[in-house]
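Enquirer:
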Amino acid sequence: MKYETGLQVDMHQHKTIIPGKNENDGDPMQMAGKVEELREIISRSKRIVFFGGAGVSTASGIPDFRSETGLFAQEENGLSPEMILSKSFFYLQPEKFFDFWRKHMLHPEAGPNAVHRYLYELEKQDRLRGIVTQNIDGLHRQAGNIRVYELHGNVNDNYCMECNAAYPAEAILQSEGIPRCECGGVIRPNVVLYGEPLEKYVCIGARREIANADTLIVAGTSLTVEPAASFTEDFAGKNLIVINRMPTKADERATLLIHGDVTEVFSELSRE
Ligand SMILES: [Zn+2]
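Here is the structure:
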């Protein structure tokens, strides 16, 4: 049976079937064993770092725009999200950039899911040294985490390009055309667009945490976006855990590899 679109529930296994899911996560017994192994590793670790990507937020209703390129391209006259979310497009076609931004990148209704909530508990127990995320949705901070390295910025953080005044995401959401500050300057999201460098001190902090971690959990990312992906190579600790539906560049180095959905794994972990 083939699932084309959307999420469907298999009533026999009581689990969600995700289109294009990996064949390796078909065995519930094997998955349960791996989750127990992960629980064991977490309980022994003192300096955990979580490195996450789009797969962490899909269960919060934030689609992974990289895996939906075809869909967006159709809507946007053949332009890929990577083209629209680039520095040059922002300067050349700001109106179209902000239309896309309001339509696809802002999700004010989205809230933290099982992954965010579990990581918040780990930070409270002082065993999570940091979250390094490629996501810009700000959901880890919304869940309460403090030690968050947002490599690509955060949609809730916006500023006037003239006077530097800070603005919430609503200022852009409620605007039309190009959002303007009281001073007349353009309000832009403080996110890293394609073609822009990552913020130096965020990178330094993230890499330091990864290098000092005893356990690194890489989850919900296929590690295709650089330079973020290569940061995981700084890890020199004992346990490298990879949780992703699709194969990743780190699979070969993983000491525990779980081909499955990160939210399902953390929902299972949250059950005592
Ligand atoms: Zn201003």
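Everything in the sequence shown is counted per our numbering, starting at 16 for the first residue and increasing by one.
All C-beta atoms, glycine included, are put in the ideal place defined by N, C-alpha and C.
(1) DSSP state of Ile56, grouped into three classes?
(2) Exposed or buried, which one is Glu224 when buried takes at least 16 other CB atoms within 10 Å?
(3) Measure how close the beta-carbons of Gly48 and Thr148 come, nearest whole angstrom, since I'm counting them as under 8 Å.
(4) Cβ of Gly252 versus every heavy atom of ligand 1: is any distance shorter than 8 Å?
(5) Are there 16 or more other CB atoms within 10 angstroms of the CB of Met120, so buried, or fewer, so exposed?
(6) Flag Asn173 as yes when its Cβ comes closer than 8 Å to any non-hydrogen atom of ligand 1, and as no otherwise.
(7) In the DSSP assignment, find the unbroken beta strand (DSSP E) run with Asn171 in it and report its ends.
(8) In whole angstroms, what is the alpha-carbon distance linking Pro262 and Ser237?
(9) How long is the line joining the alpha carbons of Ser75 and Ile258, rounded to whole angstroms?
(10) Roughly how many angstroms lie between the CA atoms of Leu255 and Glu248, to the nearest whole one?
(11) Do Asn205 and ligand 1 come close, with the Cβ less than 8 Å from some heavy atom?
(12) Can you tell me whether Glu38 is buried or exposed? The criterion is at least 16 other CB atoms within 10 Å of its CB, across all chains shown.
(13) Would you mind giving the Cβ-Cβ distance between Glu138 and Asn169, rounded to the nearest angstrom? I have them listed as a contact below 8 Å.
(14) Thinking Leu208 and Lys102 are a contact (beta carbons under 8 Å), I'd like their distance in whole angstroms, please.
(15) Verify whether the separation of the beta carbon atoms of Ala295 and Ile202 is less than 9 Å.
(16) Measure the beta-carbon distance from Thr278 to Asn150 and round it to whole angstroms, keeping in mind my assumption that it falls under 8 Å.
(17) Assuming Arg144 contacts Val64 under a Cβ cut-off of 8 Å, what Cβ separation, rounded to an integer in Å, is found between them?
(18) Report yes if the CB atom of Ile57 is closer than 9 Å to the CB atom of Thr270, and no otherwise.
(19) Starting from Glu97 and walking both ways along the alpha helix (DSSP H), at which residues does that stretch end?
(20) Answer with buried or exposed for Met44, where buried requires no fewer than 16 other C-beta atoms within 10 angstroms of its C-beta.
(21) Which of helix, strand or coil does DSSP assign to Thr270?
(22) Taking the alpha-carbon positions, what's the His155 to Glu211 distance?
(23) For ligand 1, is there any heavy atom lying closer than 8 Å to the beta carbon of Cys196?
(24) Applying the criterion that 16 or more other CB atoms from any shown protein chain within 10 Å of the CB defines a buried residue, is Ser60 buried or exposed?
Expert: In brief:
(1) Translated into positions along the sequence shown, residue 56 becomes position 41. In this structure, Ile56 counts as helix in the three-state DSSP scheme.
(2) Your numbering for residue 224 matches position 209 in the sequence shown. Glu224 is buried by the Cβ-count criterion.
(3) Stepping through the sequence shown from its first residue, residue 48 is reached at position 33. Stepping through the sequence shown from its first residue, residue 148 is reached at position 133. Gly48 to Thr148, Cβ: 28 Å. No contact.
(4) To locate residue 252, count along the sequence shown from 1; it is residue 237. No, Cβ of Gly252 sits at least 8 Å from all heavy atoms of ligand 1.
(5) As a first step, residue 120 must be located in the sequence shown, where it is residue number 105. Met120 should be labelled buried.
(6) Here residue 173 is taken as the residue at index 158 of the sequence shown, counted from 1. Not under cutoff, so the answer is no.
(7) What you label residue 171 is simply residue 156 of the sequence shown in a count that begins at 1. Here the beta strand (DSSP E) through Asn171 covers Gly168 to Cys175.
(8) The residue given as residue 262 occupies position 247 in the sequence shown. The residue given as residue 237 occupies position 222 in the sequence shown. Their backbone Cα atoms lie some 7 Å apart in a straight line.
(9) Walking along the sequence shown from the start, residue 75 turns up at place 60. Walking along the sequence shown from the start, residue 258 turns up at place 243. The straight-line gap from Cα to Cα measures roughly 18 Å.
(10) The residue given as residue 255 occupies position 240 in the sequence shown. The residue given as residue 248 occupies position 233 in the sequence shown. Whole-angstrom Cα-Cα distance: 10 Å.
(11) Here residue 205 refers to the residue found at position 190 when the sequence shown is read from its first residue. Not under cutoff, so the answer is no.
(12) Taking the sequence shown and counting its residues from 1, one reaches residue 38 at position 23. Low confidence applies here, because Glu38 scores a pLDDT of 46, under 50, leaving its location unreliable; read the following figure in that light. Exposed, by the Cβ-count rule.
(13) Residue mapping note: residue 138 aligns to position 123 of the sequence shown, counting from 1. Residue mapping note: residue 169 aligns to position 154 of the sequence shown, counting from 1. About 17 Å; that fails the 8 Å criterion.
(14) By one-based count along the sequence shown, residue 208 stands at place 193. By one-based count along the sequence shown, residue 102 stands at place 87. Indeed they touch by this definition, with Cβ atoms about 5 Å apart.
(15) Because the chain here runs from 16 to 287, residue 295 falls outside it and cannot be looked at.
(16) Stepping through the sequence shown from its first residue, residue 278 is reached at position 263. Stepping through the sequence shown from its first residue, residue 150 is reached at position 135. Thr278 to Asn150, Cβ: 13 Å. No contact.
(17) Here the question's residue 144 lines up with position 129 in the sequence shown. Here the question's residue 64 lines up with position 49 in the sequence shown. Sure, about 5 Å apart at Cβ, within 8 Å.
(18) Indexing the sequence shown from 1 puts residue 57 at position 42. Indexing the sequence shown from 1 puts residue 270 at position 255. Against a cut-off of 9 Å, the Cβ pair of Thr270 and Ile57 comes out as no contact.
(19) Here residue 97 refers to the residue found at position 82 of the sequence shown. Residues Pro96 to Ile99.
(20) The residue you call residue 44 lines up with position 29 of the sequence shown. Per the 10 Å Cβ criterion, exposed.
(21) Counting from 1 along the sequence shown, the entry for residue 270 is found at position 255. DSSP places Thr270 in coil when its eight states are reduced to three.
(22) Taking the sequence shown and counting its residues from 1, one reaches residue 155 at position 140. Taking the sequence shown and counting its residues from 1, one reaches residue 211 at position 196. Approximately 23 Å between the Cα atoms of the pair.
(23) Counting from 1 along the sequence shown, the entry for residue 196 is found at position 181. It does: the Cβ of Cys196 is within 8 Å (strictly closer) of some heavy atom of ligand 1.
(24) Counted from its first residue, the sequence shown places residue 60 at position 45. Flag for Ser60 reads buried.
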